[in-house]
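First the structure, in the form of structure tokens, and then the observations on it.
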Amino acid sequence: MMKKSIRATATKYVVPKVFAQLTEVERAIKNSTKTNDTETQLTLLVKLDGANYADIGRYEEKNNKLESYLKALLGPNTEFGFFYNREIGTIFVAGSLSEQFLHDIDGKKIGELSEGPYGILRGLGISAPEATDAVKRLGKGKYLLLVRGNRFAQNDFEAIWDKTG
2 MMKKSIRATA
12 TKYVVPKVFA
22 QLTEVERAIK
32 NSTKTNDTET
42 QLTLLVKLDG
52 ANYADIGRYE
62 EKNNKLESYL
72 KALLGPNTEF
82 GFFYNREIGT
92 IFVAGSLSEQ
102 FLHDIDGKKI
112 GELSEGPYGI
122 LRGLGISAPE
132 ATDAVKRLGK
142 GKYLLLVRGN
152 RFAQNDFEAI
162 WDKTG
């Protein structure tokens, strides 16, 4: 009789963190490389109002192109795009979970639907109060960073965020 081997896998999680400034996001992302979680995936969302658009524009000029800037910040295989949500406005999304927001259903991106961003966050396992708060703050022009990784590294990220945000 052959013995079956059971491979233990770490539980995946998604944690939202809201930052006021792009520099805080950069610092958190750079510090996140100090965790032991090699499977961490990062996604950044931001409402493109005047202030944030100018903030990103300065970095784009400084770094030549927005695409190269984001790939340097989030990784070489970073996907990104835009969607318009009536309740929030135009949202820029970059990172591994961007497809969740940009996926097209009957000619509309999921993020464009009324409850799109909230529903996606809930579907990723984020609690109702956290998802509501994250969407409200995103609507006010804050930067929303989503970190997906192994539950074992969650405390590492929370310690990093205590130092950066």
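Numbering-wise (my numbering), the sequence shown opens with residue 2 and increments by one. A virtual CB, placed ideally from N, CA and C, is assigned to each residue, including glycine.
Segment limits, alpha helix (DSSP H) that includes P17: Indexing the sequence shown from 1 puts residue 17 at position 16. Boundaries around P17 are those of the beta strand (DSSP E), 13-20, since no alpha helix (DSSP H) includes it.
Would you decide whether R149 is buried or exposed? Buried here means 16 or more other CB atoms lie within 10 Å of its CB. Your numbering for residue 149 matches position 148 in the sequence shown. R149 comes out buried.
Would I30 pass as a contact of L75 if the rule is Cβ separation under 8 Å? The residue given as residue 30 occupies position 29 in the sequence shown. The residue given as residue 75 occupies position 74 in the sequence shown. Their beta carbons are under 8 Å apart, which means I30 touches L75 by this criterion.
Short check: CB of I92 to CB of L146, under 8 Å? To locate residue 92, count along the sequence shown from 1; it is residue 91. To locate residue 146, count along the sequence shown from 1; it is residue 145. In this structure, L146 does not lie closer than 8 Å to I92 by Cβ.
Distance between beta carbons of G96 and T44, contact taken as under 8 Å: Taking the first residue of the sequence shown as position 1, residue 44 is located at position 43. Taking the first residue of the sequence shown as position 1, residue 96 is located at position 95. So it is a contact: roughly 3 Å between Cβ atoms.
Assign S33 to buried or exposed, taking buried as 16 or more other Cβ atoms, counted over all protein chains shown, within 10 Å of its Cβ. Within the sequence shown, numbered from 1, the residue matching residue 33 stands at position 32. Burial call: buried.
Which residues bound the beta strand (DSSP E) around K48? Residue 48 sits at position 47 when you count from the first residue of the sequence shown. 42-48 is the span of the beta strand (DSSP E), which, as asked, contains K48.
Check this for me: beta carbons of V15 and I111, under 8 Å apart or not? Along the sequence shown, one-based indexing puts residue 15 at 14. Along the sequence shown, one-based indexing puts residue 111 at 110. Going by C-beta atoms, V15 is not nearer than 8 Å to I111.
What would DSSP say about K141, mapped onto helix, strand or coil? Here residue 141 refers to the residue found at position 140 when the sequence shown is read from its first residue. K141 falls in the coil class under three-state DSSP.
Whose C-beta lies closer than 8 Å to the C-beta of V19 among residues of the same chain, with five residues either side of it excluded? Locating residue 19 in the sequence shown gives position 18, where the first residue counts as 1. Correct list, in chain order: D134, A135, R138, L139, K143, Y144, L145, L146, G166.
Hey, could you find the ends of the beta strand (DSSP E) G96 is sitting in? The count along the sequence shown starts at 1 and reaches residue 96 at position 95. Note, G96: beta strand (DSSP E), 90-96.
D105 versus F84 - alpha carbon distance: Within the sequence shown, numbered from 1, the residue matching residue 105 stands at position 104. Within the sequence shown, numbered from 1, the residue matching residue 84 stands at position 83. Their Cα atoms are separated by approximately 11 Å.
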